[in-house]
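Everything on this sheet refers to the single structure shown next.
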Amino acid sequence: MNTAPYIHCGQSTALQMLDAAIALLPAAAGAVWFFGLRAAAMLLLAVAAAAATQFLWDRFTGRQELRTLTVLVTGLLSALLLPARAALWAAPLGAVIAVSVKVLTGGIGQNWWNPAALGRAALLPLLCPLALKDCQGTFLMAYLDGAIGEASTLLLLVGAAYLAMRHLLPWAVAVPYLCASFLTAAVLPHCDPMAVLCWGGTLLGACFLSADPVTTPMGLTFRVLYGVFTGAVSTVFSFYGWGMGGVVVATLAANTAFRAAETIAARLQNTAELEQV
Amino acid sequence: MLPWNRGVPMGRAVTTPPTSLPQQERIILPLPRGETPLVRVGDPVSRGQRVADGNGDPLPIYAPVSGTVAALDTMELAAGGSCLALILQNDGLDTAADPLELPDDEDALWDSGVRLPGGRPLAQAVTQAAPGLDTLIVSAMDREPWHCTEDAALCLDADAVAAGLAFLNRQLHPRRTLLAVGAGQHQAAQAAAPLDCTVMTVPQRYPLAHPQLLAESLGRLPPGQPPQEGDVLVLPVSAVAAFGAALQGTPPIRQRVSVAWRRGHALIDAPMGAPLSAILEAAAAPDGPLLLGGPMTGSPLRHADGPLVPGITSLCVLPPRRHRNGTPCIRCGRCAAVCPMDRQPWLGIGHCLHCGACRYVCPAAGYTPSKEEVLL
Ligand code: SF4
Ligand code: SF4
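Top to bottom, those sequences are chains P and U.
For what it's worth, the working numbering labels the leading residue of the first sequence as 767, then goes sequentially.
For what it's worth, the working numbering labels the leading residue of the second sequence as 27, then goes sequentially.
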């Protein structure tokens, strides 16, 4: 027996991560359906690489992060954010970078940047020639030229619905994100707002990258601002040629800015409280 | 999964019929506040007789059974520690003393010997709030999940509650008298209907029954000025019932104890001073770590043979648990969403009720509870 309370709701970090990974499964299945065994290989290699990297780092640092199952989410996302034309080693390499940077910046809870987004961004220089140029077409069912995870918006929506059902969907981020994407697209010349809204990349950014609790701000105000900022910036970046890369770069920029802002705000609040006492 | 951001679910508020504890041979009446015994070793006592007078807070103690005073000795208490106690040998005859007669003024509160759960005298709470009381809130909601003593007090002792409430209304002249009932306590709501008060329904979620939260949510309900601090007095209905019974002639010599475990609960009607182990036995509770109070804020039961004293209204038997290391905080924000005081627990600032709701929902908590523990 330790201290009160003596009962617990039963939720754990590992369960949350498992749920997040399950929410990615429809999109992963879609990827395999549309892109065949190559996508399956990318997904498996990425998850295996993430798990192996985490295992080795755990040995080295003495922490036990493998069992928090974050590697499942990181691995799956690392593959889903890549286009099918990427080399087969790109997905596992992204996963290794993602996990390593996460561990080196303090491990789960301390890391500032969404691991999967960071792994994908690190690969950007390698993938530039393949970047997505065109942001138009029929997006709802299958869009085959982008990242394997963005292929079907419908399947991503199924995953997002699962997240919402498990109370893991950060509404305060996702809704402002989607609104901001839509409005930004409406302002940009030659950009079809509906197409942007239905693009799988937008949904991946709004519902899945932001569902990582560690790198998304905690307070309501910060969450809304984070959603607006990321939605607007990622739309601009992806429309002007970066595709999925634009989404991850916007996510990383928002991670940095908002974690810094949050840290400063917490300091100020603490000081103000101490002065009152 | 539960919508975790609405607080902790209150499992069971529906009253079960109480079981009477079989006659106990030995009754232990601790005198923890230096009370002066009015009887000597060897004296005969009858049920309801005044056997000790209070010194620190002047609350008397009444004998719960008839028999003889067997000893005056140091005894261990359930919550830990020990103190001088009167030990009565029960003769099983249940000879009653004259019914208690209380004066019709403030002294009645002291003479009744009624204490609130936790041990504070009812009289103290009432006298402190008396000048300029705006709203009297009587709460029929149990403070913790699993338990049902407050619900039972209203359902089973509606007469006594009415008597106690009438007295309090007369003494305190509150502008409003409210009775807080949980949304699921239908029987209690029926019992409350004829009482001289306004019945208010509160969602049945821990920790909404905390006095401070009730005062905030109910005390300011009707439009108008928000009351000043101290203008709201929150009393548990069990104390009002015990006081009402004292007005009707029965001092607080018996108490209902709710014994709860994961799969069930029992309500035991026991005389003060009965050993808690006998109460647990009568409840047919499973084995496991024991708690005084509820599963959210209870404290370990140190001495199961310790006597039942005023203030102990509930016991918990916990399921065995598997310890595991937690993870670092993953910044999910669940603790802040559930906090009734709108705190951000990770900042450690602001007023905290120590309700434990934040730790209940935290996925990074320092242990992973077993599945039994999870399914309330
Ligand atoms: S911070 Fe305090 S008041 Fe808020 S949920 Fe935690 S224990 Fe309760
Ligand atoms: S303390 Fe627990 S509930 Fe609060 S943000 Fe951290 S992990 Fe979530």
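Glycine included, every Cβ here is placed at the ideal spot set by N, Cα and C.
**Backbone secondary structure at R328 of chain U - three-state DSSP** = Reading the second sequence from its first residue, position 302 is the one you call residue 328 of chain U. The answer is coil: DSSP assigns R328 of chain U none of H, G, I, E or B.
**Request:** Could you run through the segment 981-1004 of chain P and flag, in chain order, every residue whose CB is less than 7 Å away from some CB of chain U?
**Result:** Result list: M984.
**Asked** Mind checking whether S1004 of chain P and G967 of chain P have CB atoms under 9 Å apart?
**Response** Start at 1 with the first residue of the first sequence, and residue 1004 of chain P comes out as number 238. Start at 1 with the first residue of the first sequence, and residue 967 of chain P comes out as number 201. Yes. Within cutoff.
**Message:** Quick check: is any heavy atom of ligand 1 less than 8 Å from the C-beta of G445 of chain U?
**Reply:** Nothing about residue 445 of chain U can be read from this structure; chain U reaches only from 27 to 402.
**Asked** Hey, quick one: how far does the alpha helix (DSSP H) through S947 of chain P stretch, first residue to last?
**Response** If you number the first sequence from 1, residue 947 of chain P lands on position 181. Element bounds for S947 of chain P: W937 to V953.
**Prompt:** Is C973 of chain P close to chain U, meaning its C-beta is less than 9 Å from at least one C-beta of that chain?
**Reply:** For this step, residue 973 of chain P is matched to residue 207 along the first sequence. Residue-level contact by beta carbon fails for C973 of chain P and chain U, as no gap is shorter than 9 Å.
**Request:** Measure from the C-beta of W30 of chain U to each C-beta in chain P and report whether the shortest distance is under 9 Å.
**Result:** For the purposes of this step, residue 30 of chain U is taken as residue 4 along the second sequence, with counting starting at 1. Model confidence at W30 of chain U stands at a pLDDT of 47, short of 50, so the residue's coordinates are unreliable; what they give is reported in the following sentence. W30 of chain U counts as touching chain P.
**Item:** Chain-ordered neighbours of T779 of chain P on chain U, where CB pairs are closer than 7 Å
**Value:** Mapped onto the first sequence, residue 779 of chain P falls at position 13. Residues of chain U passing the Cβ test: T353, I356, P389 and A390.
**Message:** Can you tell me which residues form a DSSP beta bridge with Y88 of chain U?
**Reply:** Your numbering for residue 88 of chain U matches position 62 in the second sequence. Its beta-bridge partners are U:R76.
**Asked** Taking one C-beta from the segment 916-933 of chain P and one from the segment 789-801 of chain P each time, how about it: are there three or more such pairs within less than 8 Å?
**Response** yes
**Prompt:** Quick one: what does DSSP say F905 of chain P is sitting in, helix, strand or coil?
**Reply:** In the first sequence, the residue the question calls residue 905 of chain P occupies position 139. With a pLDDT of 39 at F905 of chain P, under the threshold of 50, the predicted position of this residue should be treated as unreliable, though the coordinate-derived value follows. Correct three-state label for F905 of chain P: coil.
**Asked** From the beta carbon of P771 of chain P, is the nearest beta carbon of chain U less than 9 Å away?
**Response** Start at 1 with the first residue of the first sequence, and residue 771 of chain P comes out as number 5. At least one chain U Cβ lies under 9 Å of P771 of chain P.
**Asked** Taking just the CA atoms, how far does C957 of chain P sit from L944 of chain P?
**Response** Walking along the first sequence from the start, residue 944 of chain P turns up at place 178. Walking along the first sequence from the start, residue 957 of chain P turns up at place 191. Spanning the two alpha carbons is a distance of roughly 15 Å.
**Prompt:** Got a sec, what are the start and stop residues for the alpha helix (DSSP H) A300 of chain U sits in?
**Reply:** Here residue 300 of chain U is taken as the residue at index 274 of the second sequence, counted from 1. Taken as a continuous stretch (DSSP letters only), A300 of chain U belongs to no alpha helix (DSSP H), as it is neither H nor E.
**Neighbour list for Q876 of chain P in chain U, Cβ cutoff strictly below 8 Å** = Looking up residue 876 of chain P in the first sequence gives position 110. For Q876 of chain P, the C-beta contacts it makes with chain U under 8 Å involve P354, in order along the chain.
**Item:** Of the residues U:P125, U:A166, U:A310 and U:F269, the one placed nearest H236 of chain U, counting alpha carbons only
**Value:** Translated into the one-based positions of the second sequence, residue 236 of chain U becomes position 210. It is U:A166.
**Request:** Closer than 7 Å, Cβ to Cβ, to anything on chain P: give me those residues from the segment 76-99 of chain U, in chain order.
**Result:** none
**Message:** Going residue by residue through the segment 820-897 of chain P, where are the continuous beta strand (DSSP E) segments of at least 3 residues, counting only ones entirely within it?
**Reply:** For the segment 820-897 of chain P, not a single whole beta strand (DSSP E) run of length 3 or above is found.
**Request:** Below 7 Å between beta carbons is the criterion; list the residues of the segment 831-847 of chain P that meet it against any residue of chain U, in chain order.
**Result:** T834
**Message:** In whole angstroms, give me the CA-to-CA distance for R59 of chain U and V225 of chain U.
**Reply:** Along the second sequence, read from residue 1 onward, the residue named residue 59 of chain U stands at position 33. Along the second sequence, read from residue 1 onward, the residue named residue 225 of chain U stands at position 199. If I take the Cα positions, the gap works out to 37 Å.
**Asked** Is the closest heavy atom of ligand 1 to the C-beta of L379 of chain U under 8 Å?
**Response** As a position in the second sequence, residue 379 of chain U is number 353, starting the count at 1. Correct: L379 of chain U has its Cβ closer than 8 Å to ligand 1.
**Prompt:** Going by beta carbon distance, what residues of the same chain come within less than 6 Å of M816 of chain P, once the five residues before and after it are set aside?
**Reply:** Your numbering for residue 816 of chain P matches position 50 in the first sequence. Here the sequence assigns Ala to residue 816 of chain P, which means Met is not the residue at that position. Counting only Cβ-Cβ distances below 6 Å, and skipping sequence neighbours, we find V837, T840, G841, A861 and V865.
**Prompt:** Among U:P277, U:A89, U:G82 and U:A192, which has the Cα closest to the Cα of L162 of chain U?
**Reply:** What you label residue 162 of chain U is simply residue 136 of the second sequence in a count that begins at 1. Ranking the options by Cα distance to L162 of chain U, first place goes to U:A192.
**Prompt:** Roughly how many whole angstroms lie between the Cα atoms of A272 of chain U and T323 of chain U?
**Reply:** Along the second sequence, one-based indexing puts residue 272 of chain U at 246. Along the second sequence, one-based indexing puts residue 323 of chain U at 297. Cα to Cα, A272 of chain U sits roughly 30 Å from T323 of chain U.
**Request:** For A882 of chain P, I'd like the list of residues in its chain whose CB is within less than 6 Å of its CB, leaving aside the five on either flank, ordered along the chain.
**Result:** Here residue 882 of chain P refers to the residue found at position 116 when the first sequence is read from its first residue. The residues are T840, L843, S844 and A864.
**Prompt:** Out of U:P229, U:T62 and U:D183, which has the shortest C-alpha to C-alpha gap to Q281 of chain U?
**Reply:** Stepping through the second sequence from its first residue, residue 281 of chain U is reached at position 255. For Q281 of chain U, the nearest C-alpha among the options comes from U:D183.
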